[in-house]
């Protein structure tokens, strides 16, 4: 579904359908003193964009949706699988010092912690690492599994989940990122990450009409 700038003829077609729908393409063409072939591209655009609905042997209906409604509908259909990023993971036995280095080098705000089977066991945030860094502790000797948020208290999403639902979890939990997981017989495999940055990019792309 696309958000488009309608031309004057397309606006006039919408007015005709609003007033006379259901109405056939031939009847619309007659009211505009145009041929059916001339109108075909305009009707196709209005139908694909969601402004009109076409029913065989009946004609065109006006859906009642504005550009704002269509944009809302588009957002509600976006899926995590189309927008998540590559995950940054560390093993649960990694030292806090090495985790801090990884976070700095990868320029991320959240690390996902996995066990020796590469299954999700926890999450590390900047705050977790900052708290561990305060004081006289030897960071090379502290494994991240001591300070991480452990399963089952980790909030995550799946590739098939809606972006809107995942965004609500980010807001509700006040976190920066969600691990995107795939379920297996043994547990959850981390296959991606969904962050506030991903959400911002989605908004920018929607504003620029880069998401269809």
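In my numbering, the protein residues as written are 1298 to 1509. Quick reminder that beta carbons are idealized off the backbone N, C-alpha and C, glycines included.
Next item on the list: Could you spell out where the beta strand (DSSP E) holding residue 1355 opens and where it closes?
Entry: Taking the first residue of the chain shown as 1, we reach residue 1355 at position 58. Here residue 1355 belongs to no beta strand (DSSP E), and DSSP marks it neither H nor E.
Next item on the list: Could you tell me which residues DSSP puts in a beta bridge with residue 1320?
Entry: By one-based count along the chain shown, residue 1320 stands at place 23. 1357.
Check: Taking residue 1414 as the reference, which of 1485, 1317 and 1306 has the closest Cα?
Finding: In the chain shown, residue 1414 corresponds to position 117, counting from 1. Checking every option, the nearest Cα to that of residue 1414 belongs to 1485.
Next item on the list: To the nearest angstrom, report how far apart residue 1437 and residue 1394 are at their CA atoms.
Entry: Numbered from 1 along the chain shown, position 140 holds the residue referred to as residue 1437. Numbered from 1 along the chain shown, position 97 holds the residue referred to as residue 1394. Roughly 5 Å between the two C-alpha positions.
Check: How would you write the range of the beta strand (DSSP E) that residue 1461 sits in, first residue to last?
Finding: Here residue 1461 is taken as the residue at index 164 of the chain shown, counted from 1. That residue, residue 1461, is in no beta strand (DSSP E); its alpha helix (DSSP H) goes 1460-1470.
Item checked: Cβ neighbour criterion (16 or more within 10 Å) applied to residue 1495 -> The sequence position of residue 1495 within the chain shown is 198, counting from 1. The residue is buried, with at least 16 neighbouring Cβ atoms inside 10 Å.
Notebook entry, point to check: For residue 1467, does the count of other Cβ atoms within 10 angstroms reach 16, so buried, or fall short, so exposed?
Noted result: One-based indexing of the chain shown puts residue 1467 at position 170. Classification of residue 1467: buried, given that the 10 Å Cβ count is 16 or more.
Next item on the list: Taking residue 1424 as part of the alpha helix (DSSP H), name the residues at either end of that continuous run.
Entry: Sequence index remark: in the chain shown, residue 1424 carries index 127 (1-based). Element bounds for residue 1424: 1423-1430.
Item checked: The beta strand (DSSP E) enclosing residue 1393, as first and last residue numbers -> On the chain shown, residue 1393 is found 96 positions in, with the first residue counted as 1. Unbroken run through residue 1393 is the alpha helix (DSSP H), 1393-1403; no beta strand (DSSP E).
Notebook entry, point to check: Taking buried to mean at least 16 other C-beta atoms within 10 Å of its own C-beta, is residue 1299 buried or exposed?
Noted result: Here residue 1299 is taken as the residue at index 2 of the chain shown, counted from 1. With a pLDDT of 42 at residue 1299, under the threshold of 50, the predicted position of this residue should be treated as unreliable, though the coordinate-derived value follows. Answer is exposed; the Cβ neighbour count stays below 16.
Notebook entry, point to check: What does a CB cutoff of less than 6 Å around residue 1448 pick up in its chain, not counting 5 residues either side in sequence?
Noted result: Translated into positions along the chain shown, residue 1448 becomes position 151. If we look at residue 1448 and ignore the five residues flanking it on each side, its Cβ neighbours are 1418.
Check: Bridge partners of residue 1417, per DSSP?
Finding: Numbered from 1 along the chain shown, position 120 holds the residue referred to as residue 1417. Residue 1417 pairs with 1411.
Margin query: Between the alpha carbons of residue 1421 and residue 1382, how many angstroms are there, rounded?
Written below: Translated into positions along the chain shown, residue 1421 becomes position 124. Translated into positions along the chain shown, residue 1382 becomes position 85. Those two C-alpha atoms are separated by around 17 Å.
Notebook entry, point to check: Between which two residues does the beta strand (DSSP E) carrying residue 1476 extend?
Noted result: Position 179 of the chain shown holds residue 1476. Start and end: 1474-1480.
Checklist line | Between the CA atoms of residue 1445 and residue 1376 - distance to the nearest angstrom | finding: Counting from 1 along the chain shown, the entry for residue 1376 is found at position 79. Counting from 1 along the chain shown, the entry for residue 1445 is found at position 148. So the two alpha carbons sit approximately 28 Å from each other.
Next item on the list: Tell me, please, which residues DSSP counts as bridged to residue 1511.
Entry: Any answer about residue 1511 is impossible in this case: the structure gives the chain only from 1298 up to 1509.
Next item on the list: To the nearest angstrom, report how far apart residue 1425 and residue 1390 are at their CA atoms.
Entry: For the purposes of this step, residue 1425 is identified with residue 128 of the chain shown, where counting begins at 1. For the purposes of this step, residue 1390 is identified with residue 93 of the chain shown, where counting begins at 1. If I take the Cα positions, the gap works out to 16 Å.
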